[in-house]
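K.L.:
Each protein sequence line maps, in turn, to chains A and B.
Here the first sequence is numbered in the numbering used here, starting from 1 and rising by one per residue.
Here the second sequence is numbered in the numbering used here, starting from 1001 and rising by one per residue.
Protein chains: 2
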Amino acid sequence: MKDLLGRDEAVTVEEALRLLNEQKLKLPVTESIPIENAFGRALAQDIVSPENLPGFNRSTMDGYAVNSADTFGASDTMPVYLQIKGQVLMGQRPEIRLRRGEACQIPTGGMLPEGADAIVMFEYTSRLDNEMVEIMKTVSPGENVIMFDEDVKKGEVILKAGHRLRPQDIGALAGLGILEIEVYGKPVAAIISTGDEVVPVDKPLSIGEVRDINSYNLAGMISACHAVPLKKGIVKDDLDILREAVKQALNSSDMLLITGGSSVGVADYTARVINELGSPGVLFHGVAMKPGKPVIGGIVDGKPVFGLPGHPAAITVSFETFIEPLLIRLSGEIPNPVIPSRRTVRALFSRNLSSAVGREEHVRVYVEKRNGALWAVPVLGKSGLVRTLVQADGIVVIPMNKSGIYEGEEVEVRLFRD
Amino acid sequence: MKDLLGRDEAVTVEEALRLLNEQKLKLPVTESIPIENAFGRALAQDIVSPENLPGFNRSTMDGYAVNSADTFGASDTMPVYLQIKGQVLMGQRPEIRLRRGEACQIPTGGMLPEGADAIVMFEYTSRLDNEMVEIMKTVSPGENVIMFDEDVKKGEVILKAGHRLRPQDIGALAGLGILEIEVYGKPVAAIISTGDEVVPVDKPLSIGEVRDINSYNLAGMISACHAVPLKKGIVKDDLDILREAVKQALNSSDMLLITGGSSVGVADYTARVINELGSPGVLFHGVAMKPGKPVIGGIVDGKPVFGLPGHPAAITVSFETFIEPLLIRLSGEIPNPVIPSRRTVRALFSRNLSSAVGREEHVRVYVEKRNGALWAVPVLGKSGLVRTLVQADGIVVIPMNKSGIYEGEEVEVRLFRD
């Protein structure tokens, strides 16, 4: 559908996300890497445990290993007395075999001797001499013990393909002796800046020119998503040059972001190039959101290509809304839908703010404490301003069916990444 | 204060944090780096703008540059007619000087010609021929224009020392042509694993031994805090060897984490070494929390040193509670107290769970959706288990003055980093 100016009509944010989500993506090739480099990477294989963990019956307390039946009825006032039978040393298989009526000192992490099935903590014991210990508590079988296969069983799937590895997951792999794993390659997101007025940041600025702010902002956001930014420089507003640059950039990346080329203007060739270079091409051109309305979203042979408006605030909002979820998909992660991907904070909105029904508004806010309550204060200003992004802590979204926010209304602030 | 077993009495979490916070830390030396490497680093200098941004009066819309006074009263039904005086090209200073009654086509980002003070969007114009354009809207002075110093004024402090740089901050620096900045060095956190039963992950395991899980878990958490992990290997339970290893590790790091050496046991030399090597030494030994009770916290000549219990869950909880805030301080960041450092999600607790009054309990939970509501389901299990960490999505804290959580009670889940 075209509007009166020959532009495609804006789709809703929901519709744009649906159009992107139903497309198959070309995931980066998988690679085998050592676990120490795997933090933040998505597993390309299920991890099957090669062994039981901890592999032996292990004490979780400092105390005495006992046969729990011997402690039956023991209490402060009615202790039982057990014969001391040596000591378990850390990291060694105990030679001792406990008989009924015997106990053996054991440190946290020590291996239970044969005949023992529980640990009495030191706190509930009193050593009378080298021969005898007083036990002042009844313990059940397995108390203060991790059984040999209680943590992980041999052959069990401990982590699934599509899981993004957190620090403790790497710890678990180390614990199982798995030192190399198959993960998805980090997605590479190429950035092309367009616009005859855009100049490299290290060039002296003439009147009418602006520095290439957006490739820096985008590179940071891409890195924060465990992906790799690849800056492909600034391209002049020329169809043939842009087509060639896009073709080259797509050869060395999994996603392409073109900034500055999505406003309606004489130099707007982005949509045309996306359609020319592969299928399905442009999925939407214009989204009912503010800022970010002129965003172009497309897929070229499994690789997402975006035309982003040149305003810094629009770049951030478009990235968070459309590009971040795609980078997560490209990383191979199958995200848990109930886990939010971003930090949030609840606050009271500081003023009345109206919003046009029919478009989703992303309001930049900073958060401050006043009289014990948190307030979200909108940072108003034109979306071209760098200041509004630097001063803001995050975004409050006004849904498209709402006509605004009242002063004092509770809102959720989605915080920027750091 | 010692308890009956000769141990120091546990302090509360609040008290432990207070003891750490009142200590002065030795911050890493600052360094000058290019802005493209500065994401996540803390500024060691105020950033003063060397120039006005955008530096020229800039259009924020595609349309016609006009003298706003000429549009007074213009509407759909009462348009005004202006003489077309050429066109502004992107990135170029316009030669044109608008007189009253004239308008000039301008793209988004274009520089306003002299004599113009506002932009009328294309939507509200109709070009009659090459000479004349119909204006159907009244614009105010400055409408759809960013003034030359409206974004940033020359000499203004745009970012303050102690601010951790986010993607848009790097964009702002690029926009101002600031390409190198002074930041704090990344804090280096050394890790020593202790315990006669702990073996390197690449060594075949004998009965009674466990692999060095914790240094992997810790290294991931340290990296996630924009800091650098430095593994110093496994040290046997020997006072002299440990003292030497700690001394060496402190020479090449800003913080030291010693795992496995904080249980009460024959091999517990950590506290002694911390006290011997510098002042003030041990600040607390034992905290009223679960897991993580045996944690030792100290400072050796401005460098934090921790003795951490060997259980993976205790490692994670101690790290999140004590070490993460110190790493943030060591990074040079002055954190905004109203901004949470972690992702959270609100959920209903899935069952009754009691907790001892007098200690803070950190319950690992996973989050799931049932009948449209989010539930936090505790992953129960001994804190030695890797599984409880791998299955969990995050932590619910039961404060020390609460005796538990009821089924259906709303809780905040603090999610693990990824």
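Glycine included, C-beta positions come from ideal geometry on N, C-alpha and C.
Fair warning: this is a prediction, and the values are worked out from it, not measured in the lab.
#1: How would you label Q105(A), buried or exposed, when you count the other beta carbons within 10 angstroms and need 16 or more for buried?
#2: Let me know the secondary structure DSSP gives I1213(B) once reduced to three states.
#3: Specify the secondary structure class of V1390(B) as computed by DSSP and reduced to three states.
#4: May I ask you to report which of helix, strand or coil DSSP gives V48(A)?
#5: For S252(A), return the contacting residues in chain B, with the cut-off set at a CB-CB distance below 7 Å.
#6: With distance defined between alpha-carbon atoms, name the residue in N130(A), G109(A), V152(A) and G155(A) nearest to G86(A).
#7: Taking 9 Å as the CB-CB cut-off, is N1336(B) touching chain A?
#8: Tell me, which residues are paired with K24(A) by DSSP?
#9: Does the count of Cβ pairs from the region 1316 to 1332 of chain B and the region 1146 to 1153 of chain B closer than 8 Å reach three?
#10: Mapping the DSSP letters down to three states, classify V1011(B) as helix, strand or coil.
#11: Excluding the five sequence neighbours on either side, which residues of its own chain have a C-beta within less than 7 Å of the C-beta of I1170(B), listed in chain order?
#12: Of all the residues that make up the region 369 to 399 of chain A, which are near chain B by a beta-carbon distance shorter than 7 Å?
#13: If the cut-off is 7 Å on Cβ atoms, which residues from the region 202 to 216 of chain A count as contacting chain B, listed in chain order?
#14: Determine the closest residue to N1275(B) out of A1288(B), V1413(B) and K1247(B), with distance taken between C-alpha atoms.
#15: Taking the straight line between their C-alpha atoms, what separation do you get for S75(A) and Y124(A)?
#16: Rounded to whole angstroms, what is the Cα-Cα separation between T12(A) and K293(A)?
#17: At which residues does the beta strand (DSSP E) containing V1317(B) begin and terminate?
#18: Between the C-alpha atoms of M1001(B) and F1306(B), what's the straight-line distance to the nearest angstrom?
#19: Please tell me whether P1054(B) has its Cβ less than 9 Å away from any Cβ of chain A.
#20: What residues from the region 401 to 418 of chain A come within 7 Å of chain B, judged by C-beta to C-beta, listed N to C?
#21: Return helix, strand or coil for G175(A), following the three-state DSSP convention.
#22: From V411(A) to G372(A), what does the alpha carbon distance come to, in whole angstroms?
#23: So is D240(A) in contact with chain B if we call contact Cβ pairs under 9 Å?
#24: Tell me, which residues are paired with E1412(B) by DSSP?
#25: Is the number of C-beta pairs between the region 1282 to 1299 of chain B and the region 1210 to 1229 of chain B that are closer than 8 Å three or more?
#26: Below 6 Å CB to CB, which residues in the same chain sit around D1046(B) once its five sequence neighbours on both sides are set aside?
#27: For V273(A) and L239(A), what's the separation of their Cα atoms in angstroms?
#28: Does the contact criterion of 3 or more C-beta pairs under 8 Å hold for the region 385 to 405 of chain A versus the region 1056 to 1071 of chain B?
#29: Helix, strand or coil for P1399(B), going by three-state DSSP, please let me know.
#30: Who pairs with I1119(B) in a beta bridge, going by DSSP?
#31: Taking the alpha carbon of I178(A) as the reference point, which residue from V210(A), G408(A) and E51(A) has its own alpha carbon closest?
#32: Are the beta-carbon atoms belonging to A314(A) and R364(A) less than 9 Å from one another?
#33: With a CB to CB cut of under 6 Å and the five nearest residues on each side skipped, what residues in its chain are close to G404(A)?
#34: Around the C-beta of A392(A), are 16 or more other C-beta atoms found within 10 angstroms, so that it is buried, or is it exposed?
#35: Where does P1167(B) fall in DSSP's three states?
#36: List, in chain order, every chain B residue whose beta-carbon is nearer than 7 Å to that of S223(A).
P.N.:
In this structure, then:
#1: The residue given as residue 105(A) occupies position 105 in the first sequence. Label assigned to Q105(A): buried.
#2: Residue numbering aside, residue 1213(B) sits at position 213 when the second sequence is read from its first letter. Helix, per DSSP.
#3: Against the second sequence, residue 1390(B) aligns to sequence position 390. Here V1390(B) carries a helix assignment [DSSP, helix/strand/coil].
#4: In the first sequence, counting from the first residue as 1, residue 48(A) sits at position 48. Residue state, collapsed to three classes: strand.
#5: Residue 252(A) sits at position 252 when you count from the first residue of the first sequence. Ordered by position in chain B, no residue passes the 7 Å Cβ test against S252(A), which lies about 18 Å from the chain.
#6: The count along the first sequence starts at 1 and reaches residue 86(A) at position 86. Considering only alpha carbons, the answer is N130(A).
#7: Counted from its first residue, the second sequence places residue 1336(B) at position 336. Judged by the 9 Å Cβ criterion, N1336(B) is in contact with chain A.
#8: As a first step, residue 24(A) must be located in the first sequence, where it is residue number 24. None; K24(A) has no bridge partner.
#9: no
#10: Here the question's residue 1011(B) lines up with position 11 in the second sequence. Three-state DSSP puts V1011(B) in a strand.
#11: Reading the second sequence from its first residue, position 170 is the one you call residue 1170(B). The residues are I1035, A1038 and F1039.
#12: K369, L374, K382, G384, L385, V386, R387, L389, V390 and D393
#13: Listed by position, the residues of the region 202 to 216 of chain A near chain B (Cβ gap below 7 Å) are D202, L205, I207, G208, E209, V210, R211, D212, I213, N214 and Y216.
#14: The residue you call residue 1275(B) lines up with position 275 of the second sequence. Here the closest residue by C-alpha is K1247(B).
#15: As a first step, residue 75(A) is located in the first sequence; it is residue number 75 there, counting from the start. As a first step, residue 124(A) is located in the first sequence; it is residue number 124 there, counting from the start. Cα to Cα, the separation comes out at about 9 Å.
#16: What you label residue 12(A) is simply residue 12 of the first sequence in a count that begins at 1. What you label residue 293(A) is simply residue 293 of the first sequence in a count that begins at 1. About 10 Å.
#17: If you number the second sequence from 1, residue 1317(B) lands on position 317. First-last for V1317(B): P1312 to S1318, but that is the alpha helix (DSSP H), not the beta strand (DSSP E).
#18: Indexing the second sequence from 1 puts residue 1001(B) at position 1. Indexing the second sequence from 1 puts residue 1306(B) at position 306. Note that M1001(B) has pLDDT 47, beneath the 50 cutoff, so the model's placement of it is unreliable and no number is given.
#19: In the second sequence, residue 1054(B) corresponds to position 54, counting from 1. Closer than 9 Å: yes.
#20: L415, F416, R417 and D418
#21: The residue given as residue 175(A) occupies position 175 in the first sequence. Of the three classes helix, strand and coil, the one that applies to G175(A) here is helix, per DSSP.
#22: Along the first sequence, one-based indexing puts residue 411(A) at 411. Along the first sequence, one-based indexing puts residue 372(A) at 372. Taking the straight line joining both Cα atoms gives about 16 Å.
#23: Position 240 of the first sequence, counting from 1, holds the residue named residue 240(A). Cβ-Cβ to chain B under 9 Å: no for D240(A).
#24: In the second sequence, counting from the first residue as 1, residue 1412(B) sits at position 412. In the DSSP output, where bridge partners are listed per residue, E1412(B) has R1346(B).
#25: no
#26: By one-based count along the second sequence, residue 1046(B) stands at place 46. Answer for D1046(B): V1157, K1160 and A1161, listed in chain order.
#27: In the first sequence, residue 273(A) corresponds to position 273, counting from 1. In the first sequence, residue 239(A) corresponds to position 239, counting from 1. Between V273(A) and L239(A), the C-alpha separation is close to 8 Å.
#28: Using a C-beta cut-off of 8 Å, the region 385 to 405 of chain A makes no contact with the region 1056 to 1071 of chain B, since fewer than three inter-stretch Cβ pairs fall below that distance.
#29: Within the second sequence, numbered from 1, the residue matching residue 1399(B) stands at position 399. It is coil, neither helix nor strand.
#30: Walking along the second sequence from the start, residue 1119(B) turns up at place 119. DSSP lists A1065(B) as partners of I1119(B).
#31: Mapped onto the first sequence, residue 178(A) falls at position 178. Shortest Cα-Cα distance from I178(A) to any of V210(A), G408(A) and E51(A) involves E51(A).
#32: Here residue 314(A) refers to the residue found at position 314 when the first sequence is read from its first residue. Here residue 364(A) refers to the residue found at position 364 when the first sequence is read from its first residue. Taking 9 Å as the Cβ cut-off, A314(A) and R364(A) do not qualify as a contacting pair.
#33: Sequence index remark: in the first sequence, residue 404(A) carries index 404 (1-based). L353, S354 and S355.
#34: Sequence index remark: in the first sequence, residue 392(A) carries index 392 (1-based). Under this definition A392(A) is a buried residue.
#35: As a first step, residue 1167(B) must be located in the second sequence, where it is residue number 167. DSSP places P1167(B) in helix when its eight states are reduced to three.
#36: As a working mapping, residue 223(A) is identified with position 223 in the first sequence. Residues of chain B passing the Cβ test: F1039.
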